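Those protein sequences? They're chains A and B, same order as listed. Reminder that position 307 of the first sequence reads as 306 in numbering that gives the first Met the number 0, one-by-one numbering, no gaps. Reminder that position 325 of the second sequence reads as 324 in numbering that gives the first Met the number 0, one-by-one numbering, no gaps. Notes for the one structure printed next.
Number of protein chains: 2
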Amino acid sequence: MDDFTELSVRRRRLMGAKLHLFYDPPLHLVRGDGVWLFDAAGRRYLDAYNNVPHVGHCHPRVVEAIARQAGQLNTNTRYLFAQTVDYAEALLALLPRGFEVCAFVNSGSEAVDLAWRMAKAFTGRQGAIVMEDAYHGWTEAVDALSPISAPDRPLAPHVRTLPAPGTVNSGAADAARAIASLAEAGLGPAAFIVDPSFCTNGILDAPDGYLADVFAAVRAAGGLCIADEVQAGFGRPGSHFWGFATHDVVPDIVTMGKPIGNGHPLGVVVTRREIMDAFMDSTSFFSTFGGNNVACAAGLAVLEVLQRERLQENAATVGAELKAGLIGLMERHAVVGAVRGKGLLLGVELVRDCGSREPATAETRRLMHLMRDAGVLVGNEGRHGNVLKLRPPMVFGREHAALLLDALDRALARL
Amino acid sequence: MDDFTELSVRRRRLMGAKLHLFYDPPLHLVRGDGVWLFDAAGRRYLDAYNNVPHVGHCHPRVVEAIARQAGQLNTNTRYLFAQTVDYAEALLALLPRGFEVCAFVNSGSEAVDLAWRMAKAFTGRQGAIVMEDAYHGWTEAVDALSPISAPDRPLAPHVRTLPAPGTVNSGAADAARAIASLAEAGLGPAAFIVDPSFCTNGILDAPDGYLADVFAAVRAAGGLCIADEVQAGFGRPGSHFWGFATHDVVPDIVTMGKPIGNGHPLGVVVTRREIMDAFMDSTSFFSTFGGNNVACAAGLAVLEVLQRERLQENAATVGAELKAGLIGLMERHAVVGAVRGKGLLLGVELVRDCGSREPATAETRRLMHLMRDAGVLVGNEGRHGNVLKLRPPMVFGREHAALLLDALDRALARL
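Quick look at the structure:
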């Protein structure tokens, strides 16, 4: 067996055969640098998919912050130290008025689990409203709020879904229906949880006022509104720092994960003091690793780099150019049915036919592999897996957008 | 305001007033090194409490592994890479036959949440059995398995508890009662979850055969047995590498957290292939940060240091000496009612009266502060908070045990 085959076999043996890999055969990675990933054969790939290395793979400033703090002190929030307080202050400064306190955990799943518990403690209600095909994480509580993880499984009795937003604003009516359905079961909404980029719905552009209308209905029924910013947040929309801001709404709780620590495990829940206090009165919450010195040093470094390298501006300019280029490809390739999204989070819907909009699912998967062969990593999203997902590190430049567009043009021609 | 007061005020403002700190006034830490922690005034404290920095605060080998890997590649298990597979292999080599596969997450809470979901998927059952006063984490699902987090709250309908083990082996009868009570509610046990050191019960020495009898009863009723090794594991018992091994039992699932990455957020679930596969057939599990390159490099470094520095042996010899010294203190101080535990996880029960064994709760808290004033950090445990908890980094040497015993002798005299 060669090294690659041996590693694949060992992985299946030691980590199970059913842990999904992106490519078949999988990509054996050994190094990352900025927007580039390198495989064991020394070949480089343009990373147009991974948002976790938000300011670029192995950004030296973040690596240095982690290394320095790991060598100095790494302990827990039962003690007083500066890193976590400084980070909380820096993070809250990026949020609208009203966000007062941070709670620190280790992943987006943990952040949503905690936010969900806070919403229940604060409202005294038990019901949840999420988008159809939503994904918010994998803990038992959050899995119930993530219908796309097991599409054939019935929803939990306390969960209702809203249909994916269309071109007309149906927010008020959709929310009213979900709230009424919860009420029929004797439940009130504790929370509506939403990814403002509607990623797992296929990266959707909701109509103006959609989220504002849903928020108003949920709040009128006594529920809180939670924005899950693991996809949309941290400058990625370009026009705004947060996904919720692109909809001109202010949530009650914001959950953060994925990009927040450039890959270091970190999750944060940000909310109002009254919500945090209601939760802390109901239980004795503590996360052993949450808010540790190293994770907060990583988080602070990410915020510094975002600002110093003007990466939100970069997402706006490069994202606009990339989107224009993708729209240009629609004219050359009938399979490109739509281009959606904002900044450096863009979706390209592939269809078999522009009229019927039949999802080109197999073609999308084939395209991902053709792109990989061309040295560009992209993902896919949506219920039918037919939306090409472009969500690169925020240091993705104009030259990288040009490379991506060129490779995509050629790959589409080969479909 | 001085720096300390200013930091305290900022913490309360930005992280909430109800996030508990160990000491009043709290300890403002700035540096860690081996068994030592240093405060902002330059004073050093002997750390006889923290098990998360398992091989010592800021161990250079672990810091170096984190720094090197963070600078090279940190991505997720949708790609193939060596670090996670190598770590899974090293970890499984430390477990008995039958443990075949690892799943990687970011904390002990996540590990127990995942193990619980696996147990339900594999058994098709919904009931849980835990120890009274158990603590296994804080996600919504695991919080329900952690009665000590909200002692006044009724148990969830699917949860039953076993009384803390006494001096006579009541395992079979206690388990039978819990199983019968679940059956009355129409439920079967999916899992019995136990910390083999019974930490939150007050660090108990269960009678011979206790856990074996509980395991046998739970398995006969179709449930799985989960050992939560976040307290007891990784060589801490001295005589054995795992807590469950001290009871001569083999669980179906082992959950790991706290000490596993020396502070780097990491959690692991280890189990049999059939259990993992049943779970993965039921859903599409994936943890974004779980099993990332850096966390696994940290985990591997911890295992290397444990072996190279013979820290399990150290736990056996230093733990035995420390325990003998603590037993010696019983003769000199009537408040010391019992000394329990194994290796470097020891509990000292403080009582107002040797006959009634009335918990000396306030005295224990005062003792913790006296010890802090003497430059030694210890914790407390148990329902009444009257069990002094000694659980130092594994590099705790004979000289440190002597310092601890001397400080404790003096502090007890001042109570």
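Cβ coordinates follow ideal geometry from the N, Cα and C atoms, glycine included. As the structure is a prediction and not an experimental result, all values here were calculated from the model.
Neighbouring residues, chain A, relative to residue i (Cβ below 7 Å)
| i | result |
| --- | --- |
| S148/B | T282 and S283 |
| D276/B | G15 and K17 |
| R43/B | Simply none; closest approach about 13 Å. |
| N291/B | G262 |
| W35/B | None at all; the shortest Cβ gap to chain A is about 11 Å. |
| R10/B | L79 and V84 |
| F191/B | Near F191/B there are no residues of chain A at all, since even the closest Cβ is about 17 Å away, more than 7 Å. |
| L6/B | L79, A81 and V84 |
Cβ-Cβ separation, residue j to residue i (assumed contact under 8 Å), whole Å
| i | j | result |
| --- | --- | --- |
| P392/A | H27/A | At roughly 20 Å, the Cβ-Cβ gap does not stay under 8 Å, so P392/A and H27/A are not in contact. |
| A221/A | R124/A | The sequence given here has Gly at residue 221/A, not Ala. Rounded, the Cβ-Cβ distance is 6 Å, consistent with contact. |
| D227/B | I192/B | 6 Å |
| M367/A | I252/A | With 8 Å as the limit, M367/A and I252/A do not qualify as a contact, their Cβ atoms being about 34 Å apart. |
| G256/A | Y209/A | Contact doesn't hold; Cβ gap of about 24 Å is too wide. |
| N292/A | L72/A | 5 Å |
| G262/A | V129/A | In fact, because the Cβ distance is near 27 Å, the residues do not count as touching under 8 Å. |
| I65/B | A297/B | 5 Å |
| L387/B | N379/B | 6 Å |
| F243/A | P195/A | 5 Å |
| G136/B | S180/B | Contact doesn't hold; Cβ gap of about 24 Å is too wide. |
Where residue i meets chain A, residues with beta-carbon distance less than 8 Å
| i | result |
| --- | --- |
| D142/B | R116 and T282 |
| I202/B | Correct list: empty, because the minimum Cβ distance to chain A is about 18 Å. |
| D372/B | Result: empty, since nearest Cβ-Cβ is about 16 Å, beyond 8 Å. |
| W241/B | Result: empty, since nearest Cβ-Cβ is about 19 Å, beyond 8 Å. |
| G31/B | Q71, L72, N73 and T74 |
| V62/B | A66, A69 and G70 |
| N379/B | In chain order: nothing, as chain A lies at least about 12 Å away. |
Of the residues the options, the one placed nearest residue i, counting alpha carbons only
| i | options | result |
| --- | --- | --- |
| D280/A | D151/B, G384/B and V167/B | D151/B |
| E139/A | D112/A, A163/A, P164/A and S180/A | D112/A |
| D204/A | A163/A, V217/A, D212/A and I225/A | A163/A |
| G318/B | R218/B, G234/B, A410/B and A300/B | G234/B |
| F284/B | R159/A, L186/A, A177/A and L20/A | L20/A |
| D132/A | P153/A, A120/A and T74/A | P153/A |
| G289/B | T4/B, V104/B and A184/B | V104/B |
| P95/B | G55/B, V158/B, E109/B and F240/B | F240/B |
| A69/A | H399/B, A294/B and N313/B | A294/B |
| A39/B | F80/B, V29/B, G33/B and A361/B | V29/B |
| V301/A | Y134/A, Y48/A and G260/A | G260/A |
| V304/B | I274/B, L369/B, H58/B and F3/B | H58/B |
| H399/B | L343/B, T360/B and C353/B | L343/B |
| Y44/A | A406/A, L414/A, R413/A and L411/A | A406/A |
| N200/B | V394/B, N385/B, L403/B and L91/B | N385/B |
| G381/B | V350/B, Y78/B, V375/B and L411/B | V350/B |
Where residue i meets chain B, residues with beta-carbon distance less than 9 Å
| i | result |
| --- | --- |
| P25/A | R77, Y78 and L79 |
| F421/A | Residue 421/A falls outside the range modelled here, since chain A spans only 0 to 414, and no answer is possible. |
| S169/A | Result: empty, since nearest Cβ-Cβ is about 28 Å, beyond 9 Å. |
Residues sharing a beta bridge with residue i, DSSP
| i | result |
| --- | --- |
| W35/B | D32/B and L45/B |
| K388/A | G346/A and G378/A |
| G126/A | P188/A |
| R159/B | I128/B |
| G340/A | L345/A |
| A102/B | V268/B |
| T254/A | D227/A and V268/A |
| P358/B | V350/B |
| V335/B | L349/B |
Partners in chain B for residue i, counting only beta-carbon separations shorter than 7 Å
| i | result |
| --- | --- |
| N385/A | Near N385/A there are no residues of chain B at all, since even the closest Cβ is about 17 Å away, more than 7 Å. |
| D112/A | T138 and E139 |
| F21/A | R77 and Y78 |
Under 9 Å from the C-beta of residue i: neighbouring residues of chain A
| i | result |
| --- | --- |
| S196/B | The premise fails here: S196/B is roughly 16 Å from chain A at the closest Cβ pair, so nothing lies under 9 Å. |
Within chain B, the residues that residue i reaches when beta carbons sit closer than 8 Å
| i | result |
| --- | --- |
| M279/A | G15, K17 and L18 |
| C57/A | A69, G70, Q71, L72 and N73 |
| L28/A | L72, T74, Y78, L79 and F80 |
| A294/A | P264 |
Note to self: So if I threshold CB-CB distances at 9 Å, which residues from the region 250 to 272 of chain B count as touching chain A?
What the structure shows: Taking a C-beta cut-off of 9 Å against chain A, the contacting residues of the region 250 to 272 of chain B are G256, K257, G260, N261, G262, H263, P264, L265, G266 and R272, listed in chain order.
- Select from the region 171 to 185 of chain A all residues with a C-beta closer than 7 Å to any C-beta belonging to chain B, and list them in chain order. none
Q) Taking Cβ-Cβ distances below 7 Å as the criterion, which residues of the region 88 to 107 of chain B are in contact with chain A? A) E88, L91, V100, C101, N105, S106 and G107
Going along the chain, which residues of the region 227 to 239 of chain A sit with their C-beta nearer than 9 Å to a C-beta in chain B?
Along the region 227 to 239 of chain A, the positions whose C-beta sits under 9 Å from a C-beta of chain B are V229, read in chain order.
**OP:** Note down, in chain order, all residues in the region 339 to 363 of chain B with a beta-carbon under 9 Å from any beta-carbon belonging to chain A.
**Re:** none
Output, in sequence order along the chain, the residues in the region 120 to 131 of chain B whose CB is closer than 8 Å to any CB in chain A.
none
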